[in-house]
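Residue numbers (our numbering): -9 to 100. Positions of the beta carbon are idealized from the N, C-alpha and C atoms, including for glycine. Computed from a predicted structure; not experimentally measured.
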């Protein structure tokens, strides 16, 4: 099975790098810090329960959930490197790594 050629307009996302690796690292570090120290408000009892079961710190007085760095990193690491998308009728299968394509695809559509 050969890989399909991408003939859509625009440049490939892997070529577009508006931030340096250092800047990306700083953003990731700050996001992890915010999730761990400040947390986020989660209003769903079901979601708070799932977060708590996974190891998050859930505040009993308010809908605040704090996510330890290790929990976030483990969740990211457990994601697949590629996915297969199907149309509603099951036809039109498309497989690939979409990690760097979402923004460029959305911007190139008219």
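In the structure shown, residue 24 adopts helical secondary structure according to DSSP, grouped into three states. In the DSSP assignment, residue 56 forms a beta bridge with 47.
Here residue 78 is exposed: its Cβ has fewer than 16 other Cβ atoms, across all protein chains shown, within 10 Å. In the three-state reduction of the DSSP assignment, residue 9 falls in the coil class. For residue 46 against residue 22, the beta-carbon gap comes to about 13 Å, at or over 8 Å, which does not count as contact. Residue 6 has its alpha-carbon roughly 27 Å from the corresponding atom of residue 64. Fewer than three beta-carbon pairs drawn from the region 24 to 38 and the region 66 to 77 are found closer than 8 Å, and the two stretches are therefore not classed as touching. Residue 13 and residue 25 have their alpha carbons spaced roughly 19 Å apart.
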